[in-house]
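The sequence shown: position 169 = 169 (the UniProt record's numbering), numbered continuously.
Note that CB positions come from ideal geometry on N, CA and C, so glycine has one too.
Contents: one structure, followed by commentary.
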Amino acid sequence: MTPSSAIEKDNYAKIDVENERTAIAQTGTADSREVVYFENGLLPNSTTCDWSGVNCKNSLPKSGEFYRKYYSEAPLPNKLISRKPIAKKASGAREHSLPEQFIFVPFQVETGSQIISNSPWIKTMRQLFEYLVTAIEKVDNPHLHIVIKEHPSEKKRHDDLHPRIVFANQWETQKLIEKSQAVLTINSTVGIESLLLNKPVLTMGNACYGLDGVSLPIHSEGSLLEALNQLERCQGNPEITKGFLHFLNEHYAIPTAWNNMDGRHVEALNKRLTKQDLLSKIASA
């Protein structure tokens, strides 16, 4: 059975989803047909195909301890794929001008489902910025800064000025992650990319990697300040974190991007659509 025939039979609704268009998905479930969700992959050069949903609503097991048995020292993908901005951004920090100590904060698209549906606390980047101002002015370390990069798909610009908050829109995301002390995100895939680069990750929204032993949840201004004052305690458990990343790489992500598919992509997609892969067996157990 080919991937296309597996999904286009009468008992399936074929839906390509990039921001989990719930209304469309409900059309499929209303007449008892199953819905399958597609999205750009959580890992570099990969695709998501999931029978439950995307992002925090996906099929990945929600217990951090589950992933410990998948721990491995085998290499993981660590070369991130850059995206060009669709709108002109303020350049911000130039080369060699980043602070020595900083928390990297990737802004997100305010109208995306990650903010609308999966972020109970933070609803706008303006709101997030104000929380960052409050936190950085109260943090114990006077040398700690915040470095922000706006989302390449967001048309809205943020040109705010603060002596300890820097915008770095022209920098590659990977470089910002590598130079940071930790990464604070609502629920962006930059969080997973930061885990791949062995950085502590703090999450302010609902994320599939928001697991005990993987990332640190931030639910209030108080918990944000506490985390910034104790960055050395924000690193996840290495066995659980690496186990999660290896499970993601070997049993969840469909290899290669959907617009650059190869034989591995077709084989993995066929197993996912026919529910013959390990993830599907775990989900149905």
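- As the crow flies, the alpha-carbon of isoleucine 115 is around 13 angstroms from that of threonine 203.
- Of all C-beta pairs linking the segment 138-146 to the segment 212-229, three or more are shorter than 8 angstroms, placing the two stretches in contact.
- Pairing threonine 189 with leucine 42 gives a Cβ-Cβ distance under 9 angstroms.
- Counting other Cβ atoms within 10 Å of its Cβ, serine 119 reaches 16 or more and is therefore classed as buried.
- The three-state secondary structure of valine 214, taken from DSSP, is coil.
- According to the DSSP assignment, glutamine 101 belongs to the beta strand (DSSP E) that extends over 101-106.
- In this structure the segment 177-186 touches the segment 100-109; the number of beta carbon pairs closer than 8 angstroms is three or more.
- Here DSSP, grouped into helix, strand and coil, assigns serine 194 to helix.
- Here the alpha carbon of aspartate 262 sits roughly 7 angstroms from the alpha carbon of threonine 256.
- Looking at the DSSP output, valine 201 bridges to Val183.
- By the beta-carbon neighbour count (other beta carbons within 10 angstroms, threshold 16), asparagine 169 is buried.
- Residue environment for proline 99: buried (at least 16 other C-beta atoms within 10 angstroms of its C-beta).
- Ranked by how close their Cα comes to the Cα of tyrosine 131, the residues His162, Asp277, Ser113 and Pro200 have His162 in first place.
- Collapsing the DSSP output to three states places threonine 274 in coil.
- By the beta-carbon neighbour count (other beta carbons within 10 angstroms, threshold 16), proline 238 is exposed.
- For proline 152, the closest alpha carbon among the candidates Thr134, Lys123, Ile81 and Asn206 is that of Ile81.
- In the three-state reduction of the DSSP assignment, cysteine 49 falls in the strand class.
- For serine 284, the closest of Ser52, Val109 and Gln235 by C-alpha to C-alpha distance is Ser52.
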